[in-house]
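Chains as they are written, first to last, in the numbering used here: chain A, 183 to 346; chain B, 26 to 531. C-beta: ideal position from N, C-alpha, C; glycine also. Note that the structure is predicted; figures quoted are calculated from it, not measured. Step one of this worksheet: look at the structure below.
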């Protein structure tokens, strides 16, 4: 089964659970004064769940034939050639993003950002650390200044143990 | 209207707003040139900045400048590298790149800039004529019609999403609508589908979603496939000789005239947008051209370059019409702009022009300014800006990812948002792999709340679903939506039947 139909299957399962929540768990919470209303909070989700399952089935069963098959170009992305791609690098970068999210508060903005930028370029194969580290530091400092001072949004610059 | 123009002039010509237009255009050009980063990603990254400006007119002016700049930057990379930053400038590379190969990169850029300028200008003038008219019609609409109109918009976007399968686009639209129901709605005052998580209480942030749908997958794809957006000879190419000859100018004029009008009206239609306008513009001009002129198309024809450039800019302007008059975005980009406006407590729609004319007209006037800025400021700077194309990707990609993260963080000031961004981004990348269009998802998400509100209001007014039958316009629009969805597959089936019939000797 092609990837797009797997996605359709997952989508149908998702719609079923969404529909379950809408049909069977939401209506008990409706306060009495709203019960005479023609629309409840669950009305629209119920419609969406049913529609979603129907459309998902159309994709899953292949009821609609795809348009004229074009030859995918070399620069167009195609999952069938995933093994030729640099999947490791992409996954490593995603991992770095997660690490950044978790480190941002405890490590402070400046350190987390510098680490992220340097590690990111290292993952991509950069080895000129004498260029990358200053560039990352300057960028982190500049963005911090922009966000904190110009836009006025609080960003803790230093690690938690150094105070604010 | 004159009064409005005066208000707009006053607002747009403040020092702050002028600076914002210039900054927006420059930033847009700068980033739009990078292969793989389209206007949607750039605007998504810029939204937190725009929102912190606080003033809706200023925010919209900045974002519109970025939009224009990005489209212009996209044409630059199409011409210099044959690597269109966005789908809307693919047709530009047909003739722009051959011209650059002949050593006329400077001329090609000027032709592109001049035709974009003309297309944008004529587009804005057409908009000044048609937007007020459309607004006054839209004032007659009730929530039932709005509900139906949004359904039409969503169906049109799904029908024209361009992957050849309407059902896939519809699936994405419904997913967007479902995501929009998460959180506490204005209508019912009760949290829905939060799964007991505090972070979902206020719903999914649309900036996070926009970043995850567009900026993050693009950056990941640049990592996955280095051939995508390779910058082999771009940085080193010399750009000289920005002038074109008088006879070339004369050849461009009729093309610009035709394509700006055609492009504008294509842009107004929901779902069609700049990409379709530029391809159609190119095709039409090639068919109209005769003899040698036609043979030159694809080998560096002036007309072949002017046509898509005029059309895509006129279409960009046209796509603002439904946004500003009906509050219904016709494209992914205008959907993101709508999201930004809602975040600033402005509800675009027919009332926008009467209630807050300064916003409406300031945007229109700043479109004029934006076009001028692109022509007189950006064009001479292009040789220098093009240097960005030679920044190594090892540096570029971490920065793109970092800006994506920052955008999501600034919007919500919450580190959990970043995890959500990564999760949604991975999901979006998988969708892209399987050829699911993502713009319908985002548009569905942004329209979802309004769609439900209008639906609920009409249901309450008519004590049930009778409004569909009692209001002829609502019924008509809903039938139109159904036709839009069913027509493509019906036509495909008929074409197949006919092909089979021929084979059988029928």
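Asked	Found
Compare the C-beta of residue 364 of chain A with all C-beta atoms of chain B and state if any pair is closer than 8 Å.	Only positions 183 to 346 of chain A appear in this structure, which leaves residue 364 of chain A out of reach.
Could you give the DSSP three-state label for residue 275 of chain B: helix, strand or coil?	helix
Just to confirm the assignment, what range does the alpha helix (DSSP H) spanning residue 139 of chain B have?	130-163
My guess is that residue 323 of chain A and residue 292 of chain A are in contact by the Cβ rule of under 8 Å, so how many angstroms apart are they, rounded?	7 Å
Of all the options A:286, A:294, A:275, which has the alpha carbon lying nearest to the alpha carbon of residue 247 of chain B?	A:275
Residues of chain A with CB closer than 8 Å to the CB of residue 206 of chain B, please, in chain order.	226, 227, 230
Using a Cβ-Cβ cutoff of less than 6 Å, which residues in the same chain neighbour residue 245 of chain B once the five nearest sequence positions on both sides are dropped?	454
Look up residue 208 of chain B in the DSSP assignment and say whether it is helix, strand or coil.	strand
Answer with buried or exposed for residue 537 of chain B, where buried requires no fewer than 16 other C-beta atoms within 10 angstroms of its C-beta.	The shown model of chain B, from 26 to 531, leaves out residue 537 of chain B, and the question about it has no answer.
Return no unless some Cβ of chain A is closer than 8 Å to the Cβ of residue 249 of chain B.	yes
With a cut-off of 8 Å on the beta carbons, I'd call residue 101 of chain B and residue 407 of chain B a contact; round off their distance for me.	6 Å
Short check: CB of residue 299 of chain B to CB of residue 337 of chain B, under 8 Å?	yes
Label residue 279 of chain B either buried or exposed according to how many other C-beta atoms from any shown protein chain fall within 10 Å of its C-beta, with 16 as the threshold for buried.	exposed
Using a Cβ distance threshold of 8 Å, determine whether the stretch 138-147 of chain B contacts the stretch 394-405 of chain B, with at least three qualifying pairs required.	yes
Out of B:224, B:76, B:380, B:120, point me to the one whose CA is closest to residue 445 of chain B's CA.	B:224
Would you call residue 416 of chain B buried or exposed, if buried means 16 or more other Cβ atoms sit within 10 Å of its Cβ?	exposed
Would the stretch 224-242 of chain A and the stretch 189-196 of chain B be scored as touching if the rule is three or more Cβ pairs under 8 Å?	yes
Rounded to whole angstroms, how far is the Cβ of residue 300 of chain A from the Cβ of residue 318 of chain A, which I believe are closer than 8 Å?	5 Å
In chain B, what lies closer than 8 Å to residue 215 of chain A by C-beta?	Those within 8 Å of residue 215 of chain A in chain B number zero; the least Cβ separation is about 12 Å.
Please report the Cβ distance between residue 532 of chain B and residue 177 of chain B, rounded to the nearest whole angstrom; I am assuming they are in contact, meaning their Cβ atoms lie under 8 Å.	Residue 532 of chain B lies beyond the range of chain B shown here (26 to 531); nothing can be said about it.
Using a beta-carbon distance cut-off of less than 9 Å, what residues from the stretch 189-202 of chain A approach chain B?	189, 190, 193, 196, 197, 200
List the residues of chain B that residue 353 of chain A touches, going by C-beta distances under 7 Å, in chain order.	One cannot answer for residue 353 of chain A here, as it falls past the ends of chain A, which runs 183 to 346.
Using the C-alpha atoms, what's the distance from residue 484 of chain B back to residue 220 of chain A?	6 Å
I'd like to know if the stretch 160-180 of chain B and the stretch 429-449 of chain B are in contact, where contact means that at least 3 CB-CB pairs between them fall below 8 Å.	no
Between residue 320 of chain A and chain B, is any beta-carbon pair separated by less than 8 Å?	no
Are there three or more Cβ pairs, one per stretch, closer than 8 Å when the stretch 223-238 of chain B is compared with the stretch 453-472 of chain B?	yes
So, is residue 386 of chain B buried or exposed, given that buried needs 16 or more other C-beta atoms within 10 angstroms?	buried
Give the secondary structure of residue 309 of chain A by DSSP, where H, G and I count as helix, E and B as strand, and everything else as coil.	coil
Alpha carbon to alpha carbon, how far is residue 329 of chain B from residue 283 of chain B?	13 Å
Would you check if the distance between the CB atom of residue 46 of chain B and the CB atom of residue 90 of chain B is smaller than 8 Å?	yes
Does the count of Cβ pairs from the stretch 224-232 of chain A and the stretch 190-206 of chain A closer than 8 Å reach three?	yes
What does residue 210 of chain A reach in chain B if we use C-beta pairs closer than 7 Å?	What residue 210 of chain A touches in chain B: nothing, since even the nearest Cβ is about 12 Å away.
In whole angstroms, what separates the C-alpha of residue 343 of chain B from that of residue 117 of chain B?	19 Å
Need the endpoints of the alpha helix (DSSP H) that residue 24 of chain B sits in, please.	There is simply no residue 24 of chain B to check, as chain B begins at 26 and stops at 531 in what is shown.
Could you tell me the distance, in whole angstroms, from the CA atom of residue 332 of chain A to the CA atom of residue 77 of chain B?	10 Å
With a Cβ-Cβ cutoff of 8 Å, do residue 293 of chain B and residue 371 of chain B count as a contact?	no
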